[in-house]
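S.K.: One point on numbering: in this note's numbering, the residue at position 81 of the sequence shown is 175, and numbering is uninterrupted.
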Amino acid sequence: MVDLKDLPQMLRDAADALEAIQSGQTEEKAVSLEAVRAVLVRKSTEGKREAVKALITKYGADRLSDIPQDAYAAMLKEAEEL
95 MVDLKDLPQM
105 LRDAADALEA
115 IQSGQTEEKA
125 VSLEAVRAVL
135 VRKSTEGKRE
145 AVKALITKYG
155 ADRLSDIPQD
165 AYAAMLKEAE
175 EL
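1) In the structure shown, what three-state DSSP assignment does S126 receive?
2) So L127 and Y153 are in contact, right, with Cβ under 8 Å, and what is the actual spacing, rounded?
3) Leaving out five residues on either side along the sequence, give the residues of the same chain with a beta carbon under 8 Å from the beta carbon of V133.
4) Kindly give me the distance between the Cβ atoms of V130 and L158, rounded to whole angstroms, as I take these residues to be in contact under 8 Å.
5) How long is the line joining the alpha carbons of K147 and Q116, rounded to whole angstroms?
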């Protein structure tokens, strides 16, 4: 049984948890390596192989798998604009 004296704190905790969930839904979804790879493969087959290589090099890597995950969203945006 719930002690009524604890109820206000429980409601505040529930409200905080709900707020955290709702704010998390508005954040940009995480971009996966596979999503970036798919766009880069498509661009390569469209004849933009050199631009794809330059984009990977711009992020300080020789291979796509060497790029840090926190750069995927920005890289995906740039890749789509190629």
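For every residue, glycine included, the Cβ atom is placed at its ideal position computed from N, Cα and C.
M.R.: In short, the structure shows the following:
1) Three-state result, S126: coil.
2) With a Cβ gap of about 13 Å, L127 and Y153 do not count as contacting.
3) Beyond the five residues adjoining it in sequence on each side, V133 comes within less than 8 Å, by CB distance, of L170, A173 and E174 in the same chain, given in chain order.
4) That belief holds up - the Cβ atoms of V130 and L158 are roughly 7 Å apart, short of 8 Å.
5) The straight-line gap from Cα to Cα measures roughly 38 Å.
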